[in-house]
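J.: Residue numbers (UniProt numbering): 4 to 485.
Got a structure here, written out as structure tokens. Questions coming.
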Ligand code: FAD
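This is the structure we're talking about:
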């Protein structure tokens with residue numbers, strides 16, 4: 004009997020264990036279902052754009068190997084068993100996902116299909132370790148990154164990635180099913196009016212080949228000095244693999260082994276500590292998934308329940324100014340505009356902007372998480388909530404609550420010449436380096452010379468830093484004494 008493979012967050016042909024297993028069963032149906040059920044969190048706008056491009060690349064790659072990608076839209080709980088039945092598939096495989104709603108769906112489907120006499124197998128494709136495999140000495144989940152990662156590293160190197168199937172033989176599709184299938188364009192995932200995706204198109208090449216190119220560029224040009232330079236937002240200082248990882252166009256195993264191979268071939272001029280630092284960032288992603296699996300409400304409930312009593316402000320004007328990059332703090336505004344234009348933001352600036360929203364504006368971290376979910380091309384069910392909770396201080400392994408990033412000193416430290424600010428906040432481009440992170444301190448003559456009317460061309464700060472910081476410290480201190 005034919006086999007069926009269900010693509011989800013694993014939009015690649017190589018190192019795809021479930022695809023490989025299904026392809027070895029004989030004629031194959033490959034299916035992608037755009038999930039419209041309200042049971043599961045819908046993708047944000049930027050992620051939908053990415054998905055559209057990635058599915059097109061995948062569909063082309065499958066066709067080049069003789070196969071075909073069947074694209075459907077609806078609730079997989081109903082569609083998948085229907086497709087399995089209509090194609091007469093006797094074997095179904097997929098790679099695991101780790102958020103609660105997806106796990107519940109997969110469990111229900113596995114039970115239903117097995118009951119109907121279909122063999123179902125699931126695999127790990129997207130993590131180095133399953134979240135339940137890494138355990139403390141007391142046999143429980145980890146709450147702190149450093150010992151978690153030490154345990155992972157002590158367990159040795161990850162296994163080697165799998166090659167892509169040489170060919171994908173096509174199962175026969177009943178005509179009625181063929182009529183039901185959509186093209187990628189038919190999913191209408193990309194914006195039209197207004198078309199806000201121009202900056203995204205310029206910045207990214209979604210798909211497996213794009214991911215591989217990104218990794219090669221990183222290994223050739225950027226990994227050298229990564230340990231130090233990764234905090235600098237004005238240059239290509241990190242891999243920018245995050246959206247490719249999010250959609251499974253590349254696996255952490257592939258990244259790991261390609262990095263090791265480059266290191267052994269002497270191709271990476273980076274030192275061992277650059278490589279180890281890069282691996283530990285991949286480790287943070289693993290740790291986020293570990294947290295998500297053991298705390299399924301990570302995106303909506305405080306990991307540290309004391310934060311339930313937090314007296315957040317409802318500052319809608321402040322939140323709107325933050326979203327638009329109009330807070331009057333240049334590094335914060337540059338970050339949010341980078342996000343809006345390119346669908347991505349540098350990690351250091353993610354921390355600064357998140358801290359500003361949560362601490363200076365005393366806004367619930369969930370509002371920021373929701374905004375990032377809609378605007379990031381790498382919006383990730385584990386990394387996004389885990390990182391927001393980490394900055395808030397409500398997460399596992401929390402940054403201490405009294406750590407309030409000062410956007411001026413952070414800007415001066417990590418963007419000393421203001422190159423990053425000038426790129427994304429062009430109205431400040433002519434300002435002297437000395438004032439680029441605090442235009443309000445510039446003498447009137449300097450502002451005039453730079454063609455800036457504060458409060459008109461660029462906003463005055465929406466909140467005084469001292470006031471915001473003290474208010475946050477008081478609110479957090481009240482929480483701790485409860
Ligand atoms: P590199 O430095 O090249 O790292 C390689 C890979 O390691 C990344 O692609 C990513 O998968 C992983 N990684 C790196 N840093 C982290 C980290 N701090 N936590 C978890 N994984 C990490 N990352 C997402 O992938 N999706 C998100 O939705 C997301 N939301 C975030 C929200 C906030 C408030 C913060 C502070 C961080 C968030 N991050 C998120 C983590 C991090 O900022 C990005 O993973 C990183 O900037 C991606 O850039 P890169 O691929 O060039 O990273």
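A virtual CB, placed ideally from N, CA and C, is assigned to each residue, including glycine.
#1: Exposed or buried, what is residue 362 when buried is set at 16 or more other beta-carbons lying within 10 Å of its beta-carbon?
#2: Of all the options 143, 278, 114, which has the alpha carbon lying nearest to the alpha carbon of residue 297?
#3: What's the call for residue 82, buried or exposed, on a 16-neighbour Cβ count within 10 Å?
#4: Terminal residues of the continuous beta strand (DSSP E) containing residue 417?
#5: Under 9 Å between the Cβ atoms of residue 391 and residue 371?
#6: Can you tell me the Cβ-Cβ gap for residue 86 and residue 203, rounded? I've got them flagged as a contact below 8 Å.
#7: For residue 214, which of 186, 9, 243 has the nearest alpha-carbon?
#8: In the DSSP assignment, find the unbroken beta strand (DSSP E) run with residue 387 in it and report its ends.
#9: Just to confirm, is the Cβ distance from residue 235 to residue 417 under 9 Å?
#10: What number of angstroms, rounded off, separates the C-alpha of residue 73 from the C-alpha of residue 84?
#11: If you draw a straight line from the alpha carbon of residue 26 to that of residue 286, how long is it in whole angstroms?
#12: For residue 151, which three-state DSSP category applies?
#13: Does the separation of the CB atoms of residue 264 and residue 226 fall below 9 Å?
#14: Within this structure, are the beta carbons of residue 132 and residue 99 separated by less than 9 Å?
#15: In the DSSP assignment, find the unbroken beta strand (DSSP E) run with residue 350 in it and report its ends.
#16: Relative to the C-alpha of residue 179, which candidate in 408, 75, 426, 320 has its C-alpha closest?
#17: Rounded to a whole number of angstroms, what is the C-alpha to C-alpha distance between residue 455 and residue 35?
#18: Should residue 385 and residue 94 be called a contact, given that it needs their Cβ atoms to be closer than 9 Å?
#19: Taking C-alpha atoms, which residue in 484, 427, 17, 458 lies nearest to residue 171?
#20: Terminal residues of the continuous beta strand (DSSP E) containing residue 423?
#21: Is the Cβ-Cβ distance between residue 20 and residue 174 less than 9 Å?
#22: Ligand 1 and residue 285: does the residue's C-beta get closer than 8 Å to at least one heavy atom of that ligand?
#23: With which residues is residue 97 paired in a DSSP beta bridge?
#24: Considering only residues of the same chain and omitting the five flanking positions on each side of residue 113, which have a CB-CB separation below 6 Å?
#25: Comparing C-alpha positions only, which one of 115, 257, 436, 121 sits nearest to residue 7?
#26: Determine the direct distance from the alpha carbon of residue 284 to that of residue 255, and round the result to whole angstroms.
#27: Tell me whether residue 348 counts as near ligand 1, meaning its Cβ is closer than 8 Å to at least one heavy atom of that ligand.
#28: Nearer than 8 Å: is that true of the beta carbon of residue 132 relative to any heavy atom of ligand 1?
#29: Which of the three DSSP states, helix, strand or coil, is assigned to residue 189?
#30: Taking 8 Å as the cut-off, is the CB of residue 307 close to at least one heavy atom of ligand 1?
#31: Just mark residue 479 as buried or exposed, buried being the case when its beta carbon has 16 or more other beta carbons within 10 Å.
#32: Rounded to the nearest angstrom, what separates residue 23 and residue 231 at their Cα positions?
#33: Following a CB-centred definition, is residue 241 positioned closer than 8 Å to any heavy atom of ligand 1?
#34: Nearest by alpha-carbon distance to residue 44: which of 364, 303, 471 is it?
#35: Could you give the DSSP three-state label for residue 1: helix, strand or coil?
#36: CB residue 334 to CB residue 423, shorter than 9 Å?
T.: Looking at the atomic coordinates:
#1: On the chain shown, residue 362 is found 359 positions in, with the first residue counted as 1. Around the beta carbon of residue 362, a 10 Å sphere encloses 16 or more other beta carbons of the protein chains shown; the residue is thus reported as buried.
#2: For the purposes of this step, residue 297 is taken as the residue at position 294 of the chain shown. Of 143, 278, 114, the residue nearest in Cα terms is 143.
#3: Within the chain shown, residue 82 is the residue found at index 79, counting from 1. Residue 82 should be labelled buried.
#4: Within the chain shown, the letter at position 414 stands for residue 417. Careful: residue 417 lies outside any beta strand (DSSP E), inside the alpha helix (DSSP H) at 410 to 417.
#5: If you number the chain shown from 1, residue 391 lands on position 388. If you number the chain shown from 1, residue 371 lands on position 368. Yes, they are a contact pair.
#6: Within the chain shown, numbered from 1, the residue matching residue 86 stands at position 83. Within the chain shown, numbered from 1, the residue matching residue 203 stands at position 200. The beta-carbon distance between residue 86 and residue 203, rounded to whole angstroms, is 31 Å. This is too long to meet the 8 Å contact definition.
#7: Indexing the chain shown from 1 puts residue 214 at position 211. Out of 186, 9, 243, the CA that lies nearest to the CA of residue 214 is found in 243.
#8: Position 384 of the chain shown, counting from 1, holds the residue named residue 387. Taken as a continuous stretch (DSSP letters only), residue 387 belongs to no beta strand (DSSP E), being part of the alpha helix (DSSP H) at 386 to 395.
#9: If you number the chain shown from 1, residue 235 lands on position 232. If you number the chain shown from 1, residue 417 lands on position 414. Taking 9 Å as the cut-off, the beta carbon of residue 235 is found closer than this to the beta carbon of residue 417.
#10: As a working note, residue 73 is residue 70 in the chain shown. As a working note, residue 84 is residue 81 in the chain shown. Residue 73 and residue 84: Cα-Cα distance of roughly 14 Å.
#11: Taking the chain shown and counting its residues from 1, one reaches residue 26 at position 23. Taking the chain shown and counting its residues from 1, one reaches residue 286 at position 283. Note on geometry: alpha-carbon atoms of residue 26 and residue 286 lie some 31 Å from one another.
#12: Within the chain shown, the letter at position 148 stands for residue 151. Residue 151 falls in the helix class under three-state DSSP.
#13: Numbered from 1 along the chain shown, position 261 holds the residue referred to as residue 264. Numbered from 1 along the chain shown, position 223 holds the residue referred to as residue 226. Taking a C-beta distance under 9 Å as the contact criterion, residue 264 and residue 226 do not qualify as a contact pair.
#14: As a first step, residue 132 is located in the chain shown; it is residue number 129 there, counting from the start. As a first step, residue 99 is located in the chain shown; it is residue number 96 there, counting from the start. The answer is no: Cβ separation not under 9 Å.
#15: On the chain shown, position 347 is the one that residue 350 refers to. Counted as a single uninterrupted DSSP element, the stretch harbouring residue 350 is not any beta strand (DSSP E) but the alpha helix (DSSP H) occupying residues 350 to 358.
#16: The residue you call residue 179 lines up with position 176 of the chain shown. Put simply, of 408, 75, 426, 320 the residue whose alpha carbon is nearest the alpha carbon of residue 179 is 75.
#17: Counted from its first residue, the chain shown places residue 455 at position 452. Counted from its first residue, the chain shown places residue 35 at position 32. Computed Cα separation, rounded: 51 Å.
#18: To locate residue 385, count along the chain shown from 1; it is residue 382. To locate residue 94, count along the chain shown from 1; it is residue 91. Taking 9 Å as the Cβ cut-off, residue 385 and residue 94 do not qualify as a contacting pair.
#19: Taking the first residue of the chain shown as position 1, residue 171 is located at position 168. Nearest in C-alpha terms to residue 171, of all of 484, 427, 17, 458, is 17.
#20: In the chain shown, residue 423 corresponds to position 420, counting from 1. DSSP places residue 423 in no beta strand (DSSP E) but in the uninterrupted alpha helix (DSSP H) bounded by 422 to 427.
#21: In the chain shown, counting from the first residue as 1, residue 20 sits at position 17. In the chain shown, counting from the first residue as 1, residue 174 sits at position 171. Residue 174 sits away from residue 20, with the two beta carbons spaced by 9 Å or more.
#22: Counting from 1 along the chain shown, the entry for residue 285 is found at position 282. Taking 8 Å as the cut-off, the C-beta of residue 285 counts as close to a heavy atom of ligand 1.
#23: Looking up residue 97 in the chain shown gives position 94. Beta-bridge partners of residue 97 (DSSP): 125.
#24: Taking the chain shown and counting its residues from 1, the one referred to as residue 113 is at position 110. Once the five neighbours on either side are set aside, the close Cβ partners of residue 113 are 123.
#25: As a working note, residue 7 is residue 4 in the chain shown. Its Cα nearest to that of residue 7, the residue 121 stands out among 115, 257, 436, 121.
#26: Locating residue 255 in the chain shown gives position 252, where the first residue counts as 1. Locating residue 284 in the chain shown gives position 281, where the first residue counts as 1. The straight-line gap from Cα to Cα measures roughly 11 Å.
#27: Indexing the chain shown from 1 puts residue 348 at position 345. Residue side-chain check: residue 348 places its Cβ nearer than 8 Å to a non-hydrogen atom of ligand 1.
#28: Position 129 of the chain shown, counting from 1, holds the residue named residue 132. No.
#29: Position 186 of the chain shown holds residue 189. Residue 189 falls in the helix class under three-state DSSP.
#30: Position 304 of the chain shown, counted from the start, is the residue given in the question as residue 307. For residue 307, the shortest C-beta to heavy atom distance toward ligand 1 is 8 Å or greater.
#31: Stepping through the chain shown from its first residue, residue 479 is reached at position 476. Burial is judged here by how many other beta carbons sit within 10 angstroms of a residue's own beta carbon; residue 479 has at least 16 and is buried.
#32: As a first step, residue 23 is located in the chain shown; it is residue number 20 there, counting from the start. As a first step, residue 231 is located in the chain shown; it is residue number 228 there, counting from the start. Between the alpha carbons of residue 23 and residue 231 lies a distance of about 39 Å.
#33: Counting from 1 along the chain shown, the entry for residue 241 is found at position 238. Inclusion of residue 241 in the 8 Å shell around ligand 1 follows from its C-beta lying nearer than that to a non-hydrogen atom of the ligand.
#34: Along the chain shown, read from residue 1 onward, the residue named residue 44 stands at position 41. Ranking the options by Cα distance to residue 44, first place goes to 303.
#35: Given that the chain is displayed from residue 4 to residue 485, the structure contains no residue 1 and the question cannot be resolved.
#36: Your numbering for residue 334 matches position 331 in the chain shown. Your numbering for residue 423 matches position 420 in the chain shown. For the 9 Å CB-CB criterion, residue 334 and residue 423 form a contact.
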